[in-house]
Amino acid sequence: MDPFPDDIFNLADIVLRVAREDPERVAVIDLDGWQGYGTRRYKRHTYAELSADVESVAVGLREMGIAELTRTVCMSPPSYETCVMGVALTRVGALSIWIDPSVGYRNVAERLSRVQPEAFLGNALAHLGRITFGWGPRDLRKLVLTESPLLPGGRIITGFPPFPGAHSIRSLRKHAAAEPKPPKVGPNDPCAVLYTTGSTGPAKPSLYLHRNFCQLFRNAHHSWGWDKGTEVPVDMAVFPAFLFIPISAGGTMVVPPIDFARQGPAQVDPAALIQVINDCKVGSFFAAPILIENLAREALARNLTMPSLKRVIGAGAPISGPVERMLSAVMAPDGELAANYGATEAMPSTELGSREHLDGVWGLTEHGAGVCVGYALPGVELKIIDIVDGPIDSIGETSELPTGHIGEILVRGTHVSPEYYLDPESTRKNKVPDLQGDWHRFGDVGYLDAQGRLWVCGRVSQRVKAEGGNVFPLQVEPLFDAHPKVRRSGLVGVPGTAGELPVLCVEVEPDVGKDQLPDLHRELLARAADFDMANKIHAILFKDALPVDPRHNSKIERPRLAKWAARQLSGPRFRSRRTSPLAETHPVAET
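According to this note's numbering, the sequence shown is numbered sequentially starting from 484.
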């Protein structure tokens, strides 16, 4: 059943429908402390309760001036109250603005100042950030405070000062009509603004109209396997941006044991996740690759399984074959890990299941083919064009490349954000006008194979422009990541006399000592000699930890890494190593 038949993103109608058809169905499972001996306590909220709260709060929102198209900043982690407020905002047709503090506290202030918010919804920490760092205009009067959820360990954030003028959910509850009125919005009205990560430049405000946002959720239903409607989904909101996906399917949203204000995906306690997954019989979740890897390692180390877990979606960075094998061993026997490809402006767009990935596809990646991200989802179009540095004013200016040829990746579909909110310059740089429908530039390079699968080779801006031609990171790094002593690697370009010098920066596994690095260096050189593109590497540098993006903790921040590599190549420590015959051609630095 289509959850949004009129192309209006109205979660409140879905909640109301389920509440009338199956009032005792659980909508949200929230953390509720501990009951001793390491046993968690949970609070289950039904659809009848959720719908009643949503409709009464929606009346209060209108009374305080939050209604159709009111620009409302939402900064509240997954919880029951966040769910109530988010669904209520769709009842009144507000324009919700979602930005992640991981882009930088002061960057949040600068970014929000450009979109002129009229209301602010958040927990106590978000309101402290609003006051301290100026997240939104100082004279904002439409303020809503959600209660702080329980933190890992059962602690509750307390002791915060009151926020003058802020409304609690309790104070917003009003008498609701038996038949709530739908919001006065249409398919082409603004629905949501989602900010990009800011890992490759300033975070950009991706505008979604109602019809676009509805299609994004439909694509997610297809990817999660819910479009068949065979059972009520139970999904854990590990990634806050997908908090409402289970609600949109009439399913159950499980609040994860994560302190989102202090923990990135790499810092999440995997043991706590396993406990909640098994306690609540979680069937699916979306997460960053590093969290998926840590979860799988923890389960294997403790000889645990997660028999209810049937679908895990990973995105934000490539997912390796070894990680897929590990997670498959601890999921339900018929479960599968799927890799999604997309962007904040177009998510999800493609998908590849782990069974196909491990059946020969991953082996091609480890031999320089790039990373396969699978097939376009229904209604999604992909196009590969010649690489262009700079804006493209018309699709007619581009040259489409044939199967197997590497170029810039474009995407088109109803699920794609059509523009950046109040940011025409970013729109011009990242959209390609076409009379048949504009294209979005992912900012990645790749190619389509004969089966129609998309392969990604790296960022357009992060390709190494070497003297002998372009060198693409995702065609080189997996060759070295396959070595058992390599944790991960990052290929960067360092300015040289004739083009950029390809430099490979390597993070080794924790149990690899510095005394092993010379031998490892020789082994990596031997591996590079077997592949033409890897053979162009100028230097191999070892680094304690490669920098990663703040949102997913999985994507290597190559611009930062390139600056580090340049300093190493020009520093006295590195130059002194050139006395070694081996170092004359492929020097190695350790730091």
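Glycine included, each C-beta is placed from N, C-alpha and C at the ideal position.
Which class does residue i belong to by DSSP, given the choice of helix, strand or coil?
{"i": "R936", "result": "coil"}
{"i": "W517", "result": "strand"}
{"i": "F603", "result": "strand"}
{"i": "E880", "result": "helix"}
{"i": "R895", "result": "strand"}
{"i": "G836", "result": "strand"}
{"i": "E990", "result": "strand"}
{"i": "V863", "result": "coil"}
{"i": "L626", "result": "strand"}
{"i": "N493", "result": "coil"}
{"i": "N671", "result": "coil"}
{"i": "A815", "result": "coil"}
{"i": "S791", "result": "coil"}
{"i": "T827", "result": "coil"}
{"i": "G857", "result": "strand"}
{"i": "P635", "result": "Because P635 sits at a pLDDT of 44, beneath the cut-off of 50, its placement in the model cannot be relied upon, and the point is left open."}
{"i": "L726", "result": "coil"}
{"i": "F769", "result": "strand"}
{"i": "R545", "result": "helix"}
{"i": "V959", "result": "helix"}
{"i": "R970", "result": "strand"}
{"i": "R942", "result": "strand"}
{"i": "I760", "result": "helix"}
Could you spell out the range, first to last residue, of the alpha helix (DSSP H) harbouring residue i?
{"i": "R523", "result": "That residue, R523, is in no alpha helix (DSSP H); its beta strand (DSSP E) goes R523 to T529."}
{"i": "L810", "result": "G804 to S811"}
{"i": "G846", "result": "W845 to T848"}
{"i": "H1004", "result": "L1000 to A1012"}
{"i": "A784", "result": "P772 to A784"}
{"i": "L841", "result": "Premise fails: L841 is in no alpha helix (DSSP H) and is neither H nor E."}
{"i": "Y588", "result": "Y588 to S596"}
{"i": "V995", "result": "Per DSSP, V995 belongs to no alpha helix (DSSP H) and is neither H nor E."}
Excluding the five sequence neighbours on either side, which residues of its own chain have a C-beta within less than 8 Å of the C-beta of residue i, listed in chain order?
{"i": "H650", "result": "G543, M547, L626, V627 and L628"}
{"i": "R942", "result": "T683, G926, D927, V928, P956 and R1041"}
{"i": "H1021", "result": "V977, G979, L984, P985, V986 and H1069"}
{"i": "D869", "result": "T881, S882, L884, G890 and E891"}
{"i": "I491", "result": "P665, P666, V668, G669, P670, H693 and C697"}
How far does the beta strand (DSSP E) with residue i in it extend, from its first residue to its last?
{"i": "F925", "result": "W922 to L931"}
{"i": "T573", "result": "From DSSP, T573 is part of no beta strand (DSSP E) but of the alpha helix (DSSP H) over Y563 to V575."}
{"i": "N953", "result": "G952 to V954"}
{"i": "W581", "result": "L578 to W581"}
{"i": "K948", "result": "V947 to A949"}
{"i": "D718", "result": "V717 to M719"}
{"i": "F696", "result": "No beta strand (DSSP E) contains F696, which is instead part of the alpha helix (DSSP H) from H693 to W707."}
{"i": "A1022", "result": "A1022 to F1025"}
{"i": "R508", "result": "First-last for R508: undefined, no H or E at that position."}
{"i": "V556", "result": "R554 to M558"}
My assumption, with CB atoms under 8 Å, is that residue i sits in contact with residue j. Please give the rounded CB distance.
{"i": "E864", "j": "G843", "result": "In fact, because the Cβ distance is near 27 Å, the residues do not count as touching under 8 Å."}
{"i": "V567", "j": "L533", "result": "7 Å"}
{"i": "M789", "j": "N823", "result": "About 20 Å separates the two Cβ atoms, so there is no contact after all."}
{"i": "P716", "j": "G766", "result": "6 Å"}
DSSP puts residue i in a beta bridge; with which residues?
{"i": "I1039", "result": "V1031"}
{"i": "V977", "result": "L984"}
{"i": "P740", "result": "Answer is none; P740 lacks a bridge partner."}
{"i": "H650", "result": "V627"}
{"i": "I614", "result": "Bridge partners of I614: none, in fact."}
{"i": "I889", "result": "Beta-bridge pairing links I889 to no other residue."}
{"i": "K476", "result": "The requested residue 476 does not occur in the structure, where the chain is confined to residues 484 to 1074."}
{"i": "S689", "result": "L677 and Y903"}
{"i": "A821", "result": "I796 and G836"}
{"i": "T735", "result": "V717"}
{"i": "I512", "result": "R527 and V737"}
{"i": "I875", "result": "In the DSSP output, where bridge partners are listed per residue, I875 has none listed."}
{"i": "I868", "result": "E883 and E891"}
For residue i, collect the residues of the same chain with a Cβ closer than 6 Å to its Cβ; drop the 5 residues on either side in sequence, then sort them by chain order.
{"i": "S877", "result": "P916"}
{"i": "P632", "result": "Since pLDDT at P632 reaches only 44, below the 50 mark, its modelled position is unreliable, and no value is offered."}
{"i": "P777", "result": "Note on identity: in this sequence residue 777 is Asn, with Pro being the wrong assignment. Within the same chain, N777 has close Cβ partners P753."}
{"i": "K667", "result": "E551"}
{"i": "G612", "result": "W618"}
{"i": "A1049", "result": "V977"}
{"i": "C763", "result": "I512 and V737"}
Quick one: what's got a C-beta closer than 7 Å to residue i's C-beta in the same chain, skipping five residues either side?
{"i": "R808", "result": "L841"}
{"i": "P723", "result": "P560, P561 and F743"}
{"i": "H610", "result": "L628, F646 and A649"}
{"i": "F963", "result": "V969, S972, L987, V989, L1007 and R1010"}
{"i": "L860", "result": "N702, H705, S706, P831, S832, T833 and E834"}
If we define contact as Cβ-Cβ less than 8 Å, is residue i a contact residue for chain C?
{"i": "P978", "result": "Chain labels in this structure do not include chain C; a single protein chain is all it has."}
Cβ of residue i versus every heavy atom of the ligand GTP: is any distance shorter than 7 Å?
{"i": "V806", "result": "Annotation note on the ligand GTP: not contained in the displayed structure, which lists no ligands."}
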